[in-house]
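>
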Amino acid sequence: MSDFRAMFVGFPDFNVSENFFPNINLQEKLNWAEEFIQNVLIPRLPEAVAAHFPVELGTVLVMFACAGIFVGVVPLLPLFLVLAERKVAARFQNRTGPMRVGPWGTLQTLADGIKLIFKEDFIPPQGDKLLFLLAPYIIFACSFAVFAAIPFGQNILVSPFNIGIFYIMAISSVIVMGVIMAGWSSNSKWSLLGSLRSAAQIVSYEIPLGLSVLTIVMLVESLNMQEIVASQSNGVFSWLIFRTPFTFIAFFIFFISSIAEVNRTPFDLPEAESEIVAGFHTEYSGMRFALFFIAEYANMFAVSAIAVTLFLGGWEGALPGYDILGGFPGFVIKTLALVFLMMWLRWTLPRLRVDQLMNLCWKYFIPIAFFNILGTGIWGLIFPEDTLVSIIISCAIIYIGLIVAYTIAGRTLAQNPEPQPS
Amino acid sequence: MEFTLKNFIFYGFALMTVGSALLVVTVRNIVHAAFSLMVTLFGVAGLYVFLQADFLAATQVIVYVGGILVLILFGVMMTSGRLEMRIHIERGQLLLGGIVSLALLMLLLTVIANTPAWKNLTDDGTELPPTTERIGELILNGPFLLPFEVVSVLLLVALIGAALISRKEVRD
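Protein sequence lines, in the order shown, are assigned to chains A and B. Quick note: the first sequence uses this note's numbering, first residue 1, plus one each step. Quick note: the second sequence uses this note's numbering, first residue 423, plus one each step.
1. Using DSSP bridges, identify the partner residues of A:Asn359.
2. Does the distance from the C-beta atom of B:Val487 to that of B:Leu526 stay below 9 Å?
3. How far does the alpha helix (DSSP H) with A:Thr215 in it extend, from its first residue to its last?
4. Around the C-beta of A:Glu206, are 16 or more other C-beta atoms found within 10 angstroms, so that it is buried, or is it exposed?
5. Below 9 Å between beta carbons: does that hold for A:Ile253 and A:Ile368?
6. Going along the segment 269-281 of chain A in order, which residues come within less than 7 Å of chain B, judged by CB to CB distance?
7. Since B:Tyr486 is in the alpha helix (DSSP H), which residue starts that stretch and which ends it?
8. Are A:Arg197 and A:Ile276 closer than 9 Å when you measure CB to CB?
9. Between A:Gly113 and A:Ser285, what straight-line distance do the alpha-carbon atoms span, to the nearest angstrom?
10. Determine the chain D residues that contact A:Asn162 at a beta-carbon separation under 7 Å, and present them in chain order.
11. Pull up the distance between the alpha-carbon of B:Thr537 and that of A:Leu61, whole angstroms please.
12. I'd like to know whether the C-beta of B:Phe566 is nearer than 9 Å to at least one C-beta of chain A.
13. What runs of the alpha helix (DSSP H), each 4 residues or longer, lie entirely inside the segment 90-147 of chain A?
14. Please list the terminal residues of the continuous alpha helix (DSSP H) segment that includes A:Phe370.
15. Mind pulling the chain A residues with CB within less than 7 Å of B:Met460?
16. Can you give the beta carbon distance from A:Ala250 to A:Phe144, rounded, assuming they're within the 8 Å contact cut?
17. Could you say which of A:Ala290, A:Ile202 and A:Arg243 lies nearest to A:Ala260 if we only look at CA atoms?
18. Go ahead and label A:Pro208 buried or exposed: buried means 16 or more other beta carbons lie within 10 angstroms of its beta carbon, across all protein chains shown.
19. Would you say B:Leu531 lies against chain A (beta-carbon separation less than 9 Å)?
20. Do B:Gln474 and B:Leu550 have their C-beta atoms closer together than 9 Å?
21. A:Glu271: which of A:Lys189, A:Cys142, A:Thr376 and A:Thr335 sits nearest, CA to CA?
22. Can you list, in chain order, the residues of its chain whose CB lies under 6 Å from that of A:Ile397, leaving out five sequence neighbours each side?
23. Helix, strand or coil: which one does DSSP assign to A:Phe161?
24. Could you pull the start and end residues of the alpha helix (DSSP H) that A:Arg264 belongs to?
25. Determine the extent of the alpha helix (DSSP H) in which B:Asn563 is found, giving its start and end residues.
26. Return yes when the Cβ of B:Ser458 is within less than 9 Å of the Cβ of B:Val466, no when it is not.
27. Just to confirm before moving on: does the CB-CB distance between B:Ala580 and A:Ile163 stay below 9 Å?
28. Along chain A, which residues have their Cβ under 8 Å away from the Cβ of B:Leu491?
29. Is the CB of B:Leu495 under 9 Å away from at least one CB in chain A?
30. Output the boundary residues of the alpha helix (DSSP H) element that contains B:Pro566.
31. For A:Arg351 and A:Met300, which I take to be in contact (beta-carbon distance under 8 Å), what is that distance rounded to the nearest angstrom?
32. Using a Cβ-Cβ cutoff of less than 8 Å, which residues in the same chain neighbour A:Asp323 once the five nearest sequence positions on both sides are dropped?
33. When every heavy atom of the ligand ZN is checked, does at least one fall within less than 8 Å of the C-beta of A:Tyr205?
34. At the level of alpha carbons, what is the spacing between A:Leu325 and A:Gly235?
35. Determine, for B:Thr481, whether the minimum Cβ-Cβ distance to residues of chain A falls below 9 Å.
36. Closest Cβ-Cβ distance between B:Met438 and chain A: below 9 Å?
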């Protein structure tokens, strides 16, 4: 028993002075579990079992524990985000939103979740039962696997992948398969149309997304998420968004493409209520519908977190030496700001048409993204190291560019004013 | 055979790959075949991870599962109304197919047997260095630059060709 306690006191590296949050870096903990089994467990087992007992089981258990933490914690996010979405929407429409359940309606999502669990789990009799049951899990698992590579803080990271951002892109591209599976197996026209729209949209917008990530990878010369964050450690002007004018453009392409990837307004054609009911998850009910919902909001948080990591400094602060907007709280604040921006856009803009959607991607974003890559390459040749001069020049170009863009946009709007509502 | 974690993972992935590959060719429903192909491709990606080829594994998933398989499913759903296909196989085709697959098997076995790097390969448990940087050096700054550029031009030609074929002629 004393052995047990000693193990658990030694387990989380509570280094309060440096970082309040416990170290859950998986790699360092693997040895701990193996030592535990070797020294504590095996001597206590009967000899016949001990001879064949796999020491590596400890590794597996730690892996499962880490996965368990994420699968347990991440669904709490949608619980909060759904409420936030409804409250934000209500404010935009001059309402109060849910107010009945709990103080200011804060327990509304919990009540909705419980309701969904108790609802009938309806399976379309004409559909493909196996695939219908499988599809929500694929989407759910892929949206959660993304969180394994996002660094929430200096030590709060499940796995320091060497190929971090590439892994994230690969895993999130599998979500399409789940969407198609759900749409097809429902045996419903709305579902099939919605899933095909969604697949076309996600596959198209993956290209500008990947290309704008490439500009970052070119500058940092690494795919590792922690190294990308570490290269932005000198305050707000070393954040990659301000490092070159091209990354500034890349950020907006990345963010808008991410909105398209997670199927939110103005890109919510796959679930356009007025045309195809609810898109690929029309036929789902009860807990399976809730899984789609959780995955959608987890995705929304994930893409914002990735944007923050790549462009807005990750968990690094806004001033060198000070912890403003830094660490785990700073990371979450920055991510939630982007999430709020997504909600703001959703309740402000109307939905695009299919042709406008594809035009935007193929005729504007992809050429601009290629131009960005070329520009970043040239920038890297001119300024091999980031100096004060290069950052000043970059910020000046961004400033002038913004003014020019604002002026041109203003003139265009003045010449072609928006039609007055009749 | 010793039961170790590595063996367990390897045989798990191998079973996943081979089992689902068998399903791909035996299942009647073409959509089911496509989805079991997804499992096969995932299994292969898992084997790549097992070989510590991390970059290759992610590429496998992003290209085959996220790209090609989606296109296959698109093709199936857009073109055919009937998904249950009865495939008639005649005697001659069976013979021909058997000969071709046997020849392919012999060829692959010969290659495997004659590759010197694969013989006497033992697992001493060392962690190999990450591969991304070396792949980048070899492709963009090394002996594989020309093949890489040729492949990209080929893909561009295919892209333009596809756009040309699918485009309706506009007559004034």
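Cβ coordinates follow ideal geometry from the N, Cα and C atoms, glycine included.
Reading it off the structure:
1. Residue 359 of chain A sits at position 359 when you count from the first residue of the first sequence. Its beta-bridge partners do not exist; DSSP assigns none.
2. By 1-based counting over the second sequence, the position of residue 487 of chain B is 65. By 1-based counting over the second sequence, the position of residue 526 of chain B is 104. No, Cβ-Cβ distance for B:Val487 and B:Leu526 is not below 9 Å.
3. By 1-based counting over the first sequence, the position of residue 215 of chain A is 215. It spans Lys189 to Val220 - the alpha helix (DSSP H) in which A:Thr215 sits, taken as one unbroken run.
4. Locating residue 206 of chain A in the first sequence gives position 206, counting from the first residue. Under a 10 Å Cβ-count criterion, A:Glu206 is classified as buried, with 16 or more other Cβ atoms of the shown protein chains found around its own Cβ.
5. Taking the first residue of the first sequence as position 1, residue 253 of chain A is located at position 253. Taking the first residue of the first sequence as position 1, residue 368 of chain A is located at position 368. Yes. Within cutoff.
6. none
7. Along the second sequence, one-based indexing puts residue 486 of chain B at 64. Run containing B:Tyr486: none; DSSP gives neither H nor E here.
8. Your numbering for residue 197 of chain A matches position 197 in the first sequence. Your numbering for residue 276 of chain A matches position 276 in the first sequence. Yes, they are a contact pair.
9. If you number the first sequence from 1, residue 113 of chain A lands on position 113. If you number the first sequence from 1, residue 285 of chain A lands on position 285. Going from the Cα of A:Gly113 to the Cα of A:Ser285 covers about 12 Å.
10. Included in the structure are the protein chains A and B, with no chain D among them.
11. Translated into positions along the second sequence, residue 537 of chain B becomes position 115. Translated into positions along the first sequence, residue 61 of chain A becomes position 61. Whole-angstrom Cα-Cα distance: 38 Å.
12. If you number the second sequence from 1, residue 566 of chain B lands on position 144. Answer no: the Cβ-Cβ gap between B:Phe566 and chain A never drops below 9 Å.
13. 108-118 and 129-145
14. To locate residue 370 of chain A, count along the first sequence from 1; it is residue 370. Note, A:Phe370: alpha helix (DSSP H), Ile366 to Ile382.
15. Within the second sequence, residue 460 of chain B is the residue found at index 38, counting from 1. Met177, listed in chain order.
16. Residue numbering aside, residue 250 of chain A sits at position 250 when the first sequence is read from its first letter. Residue numbering aside, residue 144 of chain A sits at position 144 when the first sequence is read from its first letter. With a Cβ gap of about 27 Å, A:Ala250 and A:Phe144 do not count as contacting.
17. Counting from one through the first sequence, the residue named residue 260 of chain A turns up at place 260. Among A:Ala290, A:Ile202 and A:Arg243, the Cα nearest to that of A:Ala260 belongs to A:Ile202.
18. Translated into positions along the first sequence, residue 208 of chain A becomes position 208. Its Cβ being crowded by 16 or more others within 10 Å, A:Pro208 is buried.
19. As a first step, residue 531 of chain B must be located in the second sequence, where it is residue number 109. It does not: the Cβ of B:Leu531 has no partner Cβ on chain A nearer than 9 Å.
20. For this step, residue 474 of chain B is matched to residue 52 along the second sequence. For this step, residue 550 of chain B is matched to residue 128 along the second sequence. In contact: B:Gln474 and B:Leu550 (Cβ atoms closer than 9 Å).
21. Within the first sequence, residue 271 of chain A is the residue found at index 271, counting from 1. Of the candidates A:Lys189, A:Cys142, A:Thr376 and A:Thr335, the one whose C-alpha sits nearest the C-alpha of A:Glu271 is A:Lys189.
22. As a working note, residue 397 of chain A is residue 397 in the first sequence. Around A:Ile397: Pro245.
23. What you label residue 161 of chain A is simply residue 161 of the first sequence in a count that begins at 1. Residue state, collapsed to three classes: coil.
24. As a first step, residue 264 of chain A must be located in the first sequence, where it is residue number 264. Element bounds for A:Arg264: n/a, residue is neither H nor E.
25. Indexing the second sequence from 1 puts residue 563 of chain B at position 141. Per DSSP, B:Asn563 belongs to the alpha helix (DSSP H) from Thr554 to Asn563.
26. For this step, residue 466 of chain B is matched to residue 44 along the second sequence. For this step, residue 458 of chain B is matched to residue 36 along the second sequence. At a Cβ-Cβ threshold of 9 Å, B:Val466 and B:Ser458 do not count as neighbours.
27. Your numbering for residue 580 of chain B matches position 158 in the second sequence. Your numbering for residue 163 of chain A matches position 163 in the first sequence. Contact flag unset, no.
28. On the second sequence, position 69 is the one that residue 491 of chain B refers to. Ordered by position in chain A, the residues that pass the 8 Å Cβ test against B:Leu491 are Met177.
29. As a position in the second sequence, residue 495 of chain B is number 73, starting the count at 1. With its beta carbon less than 9 Å from one in chain A, B:Leu495 belongs to the interface.
30. Here residue 566 of chain B refers to the residue found at position 144 of the second sequence. For the record, residue 566 of chain B in the displayed sequence is Phe; it is not Pro. Secondary structure note for B:Phe566: it is in no alpha helix (DSSP H), with a DSSP letter that is neither H nor E.
31. Start at 1 with the first residue of the first sequence, and residue 351 of chain A comes out as number 351. Start at 1 with the first residue of the first sequence, and residue 300 of chain A comes out as number 300. In fact, because the Cβ distance is near 17 Å, the residues do not count as touching under 8 Å.
32. By 1-based counting over the first sequence, the position of residue 323 of chain A is 323. Same-chain partners within the cutoff: Gly317 and Gly330.
33. Although the ligand ZN was asked about, the structure shown includes no ligands whatsoever.
34. The residue you call residue 325 of chain A lines up with position 325 of the first sequence. The residue you call residue 235 of chain A lines up with position 235 of the first sequence. Taking the straight line from one Cα to the other gives about 10 Å.
35. Looking up residue 481 of chain B in the second sequence gives position 59. Yes, B:Thr481 lies at the interface with chain A (some Cβ there is under 9 Å from its Cβ).
36. Locating residue 438 of chain B in the second sequence gives position 16, where the first residue counts as 1. It does not: the Cβ of B:Met438 has no partner Cβ on chain A nearer than 9 Å.
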